[in-house]
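Residue numbers (the working numbering), protein chains in the order written: chain A, 3 to 341; chain B, 3 to 291; chain C, 298 to 562.
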Amino acid sequence: MKLVIENLNAGYDADVVLQDLSLSVEAGEFLSLLGPSGCGKSTLLKTIAGIVPAAKGSVFLDGQDITHLPIHKRGTTVLFQDIRLFPHRSVVENVAFPLKMQGVPKGERLHRAEELLEKVQLAGYGNRRPSELSGGQQQRVALARALAAKPKLLLLDEPFSALDENLREDMRTLVLQLKEEFHMTVILVTHDREEALSMSDRVALMFEGSLIQCSTPRQVYSHPASRQAADYFGNCVYIPGKVEGGRFTASGICFETDAADGSYDLMLRPGCLDTETEGEYPVQVERVSFRGSDLQVSFRASDGTLWKKTCPAGADWRPGDRMKAGLQIGEPVLFLRNY
Amino acid sequence: MKRQTTIFLLLLPFLAVTGIVLVSIWNVLVQSLGYIPAFGLTKPTLDYYIQVFSRADFLSAVWVSVRIALWSAVFSVCLGVLLAMALIKCRKTRGGMLYAVRLPILVPHAVVAVFVIQILSQTGLAARFAHALGFLEDYSAFPQLLFTPSYLGTILAYLWKEIPFVAYFVLAFMSSISDTLGEAAENLGASSLRSFWEVTLPLSVPVISRAGLIIFIFAFGGYELPLLLGSTLPKALSVQTYLVYMSPDLLQRPLAMAMNGVVLLLSAGMALAYSMVIYRLNRKVGGVK
Amino acid sequence: MKKNLLMKAVLAVTLFCIFLPMGVVLLWSITERWPWPGLLPESYSLRTVKELLFGSAKLPQLLCSSIFLALTVALLGTAIGILTARATELYHFPGKKLVHLASFLPLLVPGTVFAMGIQITLIRLGLSDTISGVVIVHLIAAVPYCITIMTDVTRAVGDKLEQQAMVLGADPLRAFFQVTVPSLLPGILSSMSMGFILSYSQYFTTLMVGGGRIKTIALVLVPYIQSGDRALSAVYSVAFVGSALAVFFVFETVIHVYQKRGESR
């Protein structure tokens, strides 16, 4: 089901959180809304679901304008971070709740609820109370309950962040698997970069109520649209330089570019530093930290930049070691310096 | 040891307060059994309870008070919950509107009696409006609402004060349920009304019934409003009891206490019924608040 | 949207029902003549108000002593609330549930029954017909509410900050007053409001235990209502509610100023 958002403004009372936001999500797509806390990504999700009213702009689902439709008629189901199972109903009754709202007869809805519980590997738990389940189990019941609503669009509001690391991974796999099985369109709100990059078809990066970039995970990571977007993924290295007549030059670096003349910073990720082969870029080891499965080695370049690179645990680096490393620039990303 | 001393010291004033209440209950029960050495009564007996139940004025007083308490509690709970829901749905759970709703809680019962008299008596504002609109010729044609054996005035006065009390008492809890689980229910396809009925209301039963219990017991034993707005006969239980208590014939004292004993018993019965409801609910919900 | 309209109507009716009687009483308090079937008074005068304020009725003194009594009850009730809440929320001990249940006990015993029951004990202790006796019986009515309110805030505030203060070198008493009391302040003030109003509006218990010698505004108002004097009972009602609101206004202002200060920090 295709979702189109046009010039959306929304917020709580006078406090406008979203400004002129436009976005479209293709049918069957998995899109992540990624951004720091307070950037408006949850508000966007709630506006799509109708929980937060839109002040301006429109939301279309499958060509139908749903901007002013009440919450329960939208067909957009949210999986909330705080789970929100109904404590006065058993697990199977919780899952059957959306079916009850649709007027499905009791026997049939309980049967279908049991089937959905099987899908989330909770067969046989139907008669328990939600409070008798663990956090991970509760979240899976909530997922089954959301599926029972047969959503045109499944909205995930940081549903994994309250879970343990191990459970989180299982839950992600389960969600992806069920998404395929039910051919759903999914939007995931998260502040976990790895989660967004690893799960989605596309990542929409949000800052301060606006979309900064919306693209494939690879593109968002390697070609950030702005310095802010680049910094959000962390570990960036900026090498100051100049563009003159179609050539970027910095100490030891020089390449052709079609950027206009001016002062630029070349953005590189630690992966660009090639310490395996001899190159032109002099670096010195400043710090080595052992992290179990690997080492994090901090290299200080002669131009003052600091590179934090992950190396195999067996590598023999010592603080003070000097070498000339190579730089794999690939497609360079330049940011105009305006300070 | 030191920790236990701290806990004991912290609880000491509370224990004193509880002690006073228990002493009062003890006095009522002991005196109602006819044990008041100061009056020369030293032989415990159930005679006074038997006497009390054979008195027509007592039985009708019990009936009056139960009716006042029941109607006040039922209507304030229903309308108070409706008011709370209106506050939640209109997003007025704080600020000016809430101050207005809190106002009746601050108004003393005696003043509420003044309000009721000035508006609903035969020469009150309501009658004047009815006259101005041509519904009645003279004030004697306006229905007698106050000072009647129906105790309608008393009940209305309680409602004026207790509907906002219920709304205020349940508001925080209901609004937190409505904002989380109620929202989830709507998101899963329940209409606003359905989500209230299926989720918010059943989960709020404990706090709502607690408000109802408080009002029932308060209205059951209340004194000023039935005194000021009720009929001379039959009297409300509290008014009747005080009359007997103040009787110059000191031998009437155990009789008054037996009446009080009956009030205590009924209150305890209500409290028991309430705790049974809560116990069953808790078991059903599995101990989650 | 249609449903919201209904809900708005509920709020409008509520506001009307709350404010109409207050307006009428206000009007009656400055009325000289308001004969049937006029919708508004025929003539106004401040005579009754003046007489009560400056005449032999000594309304100002009556208000002051009633407020003083109610504030005493509010302060004591809140203190009991703070201590009890501290015990039940910050410590574990057997019988905690019992304390919780017992804190509702005064709500389960109607005030009339309690007052008649405790009277004989108060006489024996020489507390009948005294201010202390009245304070004690009012306190019983106020304490359940004070404990409930203080329990809620104490649970929310906890003792983390207090422990932090002690780790930084404050002795327990200073840690409590410097760190915990300011965090509890909004709760303390709402508990005091509740205690105040419960004492301020007591009628039967004051009548019973005060024996007519302890006069509060509630005690003075009731006979006027019984005698059917609308103007006088209106003026007393306005004074009664007005003075209570004034005290509340002070409490609310303190909370407001305090929270503003907290935000700007």
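The beta carbon of each residue, even a glycine, is placed where N, CA and C say it ideally should be.
Keep in mind that this is a model prediction, so the values were computed, not measured.
From which residue to which residue does the beta strand (DSSP E) around residue i run?
i         : result
ASN11(A)  : 5-14
SER34(B)  : Counting along the chain, SER34(B) falls outside any beta strand (DSSP E), though it belongs to the alpha helix (DSSP H) covering 4-34.
LEU33(A)  : 32-36
VAL506(C) : Premise fails: VAL506(C) lies in the alpha helix (DSSP H), 501-507, not in any beta strand (DSSP E).
LYS310(A) : 308-314
GLN21(A)  : 17-27
Would you kindly work out how many angstroms separate the C-alpha atoms of residue i and residue j, rounded to a whole number?
i         : j         : result
MET261(B) : PRO441(C) : 25 angstroms
VAL538(C) : LEU24(B)  : 33 angstroms
VAL80(A)  : ILE189(A) : 9 angstroms
ALA252(A) : GLU282(A) : 12 angstroms
SER295(A) : TRP319(A) : 15 angstroms
GLN139(A) : LEU336(A) : 47 angstroms
ARG558(C) : VAL172(B) : 29 angstroms
LYS244(A) : ARG302(A) : 22 angstroms
VAL113(B) : TYR500(C) : 11 angstroms
PHE88(A)  : SER177(B) : 15 angstroms
SER206(B) : ASN340(A) : 58 angstroms
LEU61(B)  : TYR37(B)  : 24 angstroms
GLY332(A) : GLY211(A) : 32 angstroms
MET87(B)  : HIS90(A)  : 20 angstroms
VAL191(A) : ILE85(A)  : 15 angstroms
ILE255(A) : LEU157(A) : 45 angstroms
GLN179(A) : ASP203(A) : 14 angstroms
GLU278(A) : LEU33(A)  : 37 angstroms
CYS92(B)  : PRO204(B) : 21 angstroms
LEU84(B)  : ALA169(B) : 8 angstroms
GLN298(A) : PRO272(A) : 11 angstroms
VAL290(B) : PHE545(C) : Any reading at VAL290(B) needs caution, since the residue's pLDDT is 42, under 50, leaving its predicted position unreliable; the model's value is listed next. Going by the C-alpha atoms only, they are around 36 angstroms apart.
VAL122(A) : LEU176(A) : 7 angstroms
Near residue i, which residues of its chain fall below 7 angstroms by C-beta distance, leaving aside the five closest residues on each side in sequence?
i         : result
GLU386(C) : THR448, THR451, ARG452
LEU360(C) : ILE514, ALA536, SER540
ILE157(B) : ILE70, TRP73, SER74
ALA187(B) : SER197, GLU200, VAL201
PHE175(B) : SER206, VAL209
ILE214(A) : LEU207, MET208, ALA227, SER228, GLN230, ALA231
THR69(A)  : ALA56, SER60, VAL61
Which residues in the same chain as residue i place their Cβ atom closer than 6 angstroms to its Cβ, once the five residues preceding and following it in sequence are excluded?
i         : result
PRO483(C) : ILE552
TYR51(B)  : ALA260
VAL239(A) : LEU270, THR307, TRP309
LYS181(A) : VAL188
LEU43(B)  : GLY36
ILE379(C) : MET447
ALA367(C) : PHE493, SER496, TYR497
If you drop the 5 nearest sequence neighbours on each side, which residues of the same chain put their C-beta closer than 8 angstroms to that of residue i?
i         : result
ASP323(A) : GLN286, VAL287
ALA309(C) : none
LEU127(B) : GLN120, ILE121
VAL66(B)  : PRO151, TYR153, PRO228, GLY232, PRO236, LYS237, ALA238, LEU239
ALA18(B)  : none
Is it buried or exposed, residue i, if we count other Cβ atoms within 10 angstroms and call 16 or more buried?
i         : result
MET269(A) : buried
MET298(C) : Note that MET298(C) has pLDDT 49, beneath the 50 cutoff, so the model's placement of it is unreliable and no number is given.
ARG142(A) : buried
LYS567(C) : Here chain C covers residues 298 to 562 and nothing more, so residue 567(C) does not appear.
PRO314(A) : exposed
CYS443(C) : buried
GLN358(C) : exposed
LEU274(B) : exposed
Provide the residue span of the alpha helix (DSSP H) that contains residue i, from first to last.
i         : result
TRP162(B) : 154-179
GLN330(A) : Looking at the DSSP string, GLN330(A) is not in any alpha helix (DSSP H), and its letter there is neither H nor E.
ASP449(C) : 428-454
TRP73(B)  : 58-91
Is any beta-carbon of chain D found at less than 8 angstroms from that of residue i?
i         : result
VAL201(B) : Structure shown: chain D not included; protein chains present are A, B and C.
Write down every uninterrupted run of the alpha helix (DSSP H) in the stretch 65-145 of chain A whose length is 4 residues or greater and which is fully enclosed by it, in chain order. Taking only runs of at least 4 residues, the alpha helix (DSSP H) segments lying wholly in the stretch 65-145 of chain A are 93-103, 108-121.
Taking only runs of the alpha helix (DSSP H) that begin and end inside the stretch 388-423 of chain C, which ones reach a length of at least 4 residues, in chain order? Fully enclosed alpha helix (DSSP H) runs of 4 or longer: 393-399, 402-405, 408-421.
In chain order, each alpha helix (DSSP H) run of at least 4 residues that lies wholly inside the stretch 339-365 of chain C: Entirely contained in the stretch 339-365 of chain C, the alpha helix (DSSP H) runs reaching 4 residues are, in chain order, 344-351.
For a minimum of 3 consecutive residues, which ranges assigned as the beta strand (DSSP E) are wholly contained in the stretch 223-299 of chain A? Within the stretch 223-299 of chain A, the complete beta strand (DSSP E) runs of at least 3 residues are 239-246, 249-252, 255-258, 264-270, 275-292.
Which complete alpha helix (DSSP H) runs does the stretch 148-226 of chain A hold, if anything under 4 residues is left out? Counting only unbroken stretches of 4 or more residues, the alpha helix (DSSP H) elements lying wholly within the stretch 148-226 of chain A are 167-184, 195-201, 219-224, in sequence order.
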